[in-house]
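J.: To convert, take the position in the sequence shown, counting from 1, and add 357; that gives this note's numbering. Glycine included, C-beta positions come from ideal geometry on N, C-alpha and C.
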Amino acid sequence: CTFDGIGTSPITLSVAGAKTNNAAVASGSNVALSLGQGQIFVEKALTDLFIAKYPTANGYKLNVTTLNFLASGASPASKNGVPSTGYATPITPVSSTTTALTIPDGAPTNILPDISFTAGASGGTALLSLGSAGGIVTIYSGNAVVGTSAFSCPALSPATPIFPFDIQ
């Protein structure tokens, strides 16, 4: 991921969810990722970049505003699964180890809204996969904000399907 004015660092993002059943769906019907939740794994390399830019930094908060889901064999081709308010993590201490942050905060009690697509042509398969992500990181020293940075993370290439939906 690229953090404007700070640098580039890997972030691992995992997303899980469910589909209502494994039966084939009709062309033109709804296909959805339901009961979704995710985790963002923040590596020490990223928090080292925060400290290099802001030496007194001892905490950070992510506000994820974009979590694009991609569809092949369904439409639209891309859909943001994050509400307009975004998903903010709690302020998290800078750590010397990898830190897992949950999206949305409070998962699995809190979940992502259903991410729905329309199934394509009969006889095909609709595949849903995770696309790009982005948002804002706020960096803290104590309770004071010392910096903010927009971040963007590209989609995996090739796309890794989360769910297949057979279309009848």
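Which word fits SER371, buried or exposed, when buried means at least 16 other C-beta atoms lie within 10 angstroms of its C-beta?
T.: Under this definition SER371 is an exposed residue.
J.: If you draw a straight line from the alpha carbon of SER432 to that of SER386, how long is it in whole angstroms?
T.: Approximately 11 Å between the Cα atoms of the pair.
J.: Spell out the partners DSSP gives GLY438 in its beta bridges.
T.: In DSSP, GLY438 forms no bridge with anything.
J.: Would a C-beta distance cut-off of 8 Å place TYR417 and PHE407 closer than the cut-off?
T.: Taking 8 Å as the Cβ cut-off, TYR417 and PHE407 qualify as a contacting pair.
J.: Measuring from the CB of ASN379, is there a heavy atom of the ligand HEM at a distance below 7 Å?
T.: The ligand HEM is absent from the structure shown, which contains no ligand whatsoever.
J.: Mind checking which residues open and close the alpha helix (DSSP H) that includes ILE408?
T.: 401-410 is the span of the alpha helix (DSSP H), which, as asked, contains ILE408.
J.: If you run the structure through DSSP and keep just helix, strand and coil, what is ASP462?
T.: ASP462: coil per DSSP, three-state reduction.
J.: Would you call the CB atoms of ALA478 and ILE448 closer than 8 Å?
T.: Their beta carbons are not under 8 Å apart, which means ALA478 does not touch ILE448 by this criterion.
J.: Can you tell me whether DSSP reads ALA373 as helix, strand or coil?
T.: Three-state DSSP puts ALA373 in a strand.
J.: Indicate whether ALA512 and GLY491 have their beta-carbon atoms separated by less than 8 Å.
T.: No.
J.: Using DSSP bridges, identify the partner residues of GLN396.
T.: DSSP lists SER371, THR459 as partners of GLN396.
J.: Between the region 468-478 and the region 502-516, do three or more beta carbon pairs fall short of 8 Å?
T.: Judged by Cβ distances under 8 Å, the region 468-478 makes no contact with the region 502-516, as fewer than three pairs qualify.
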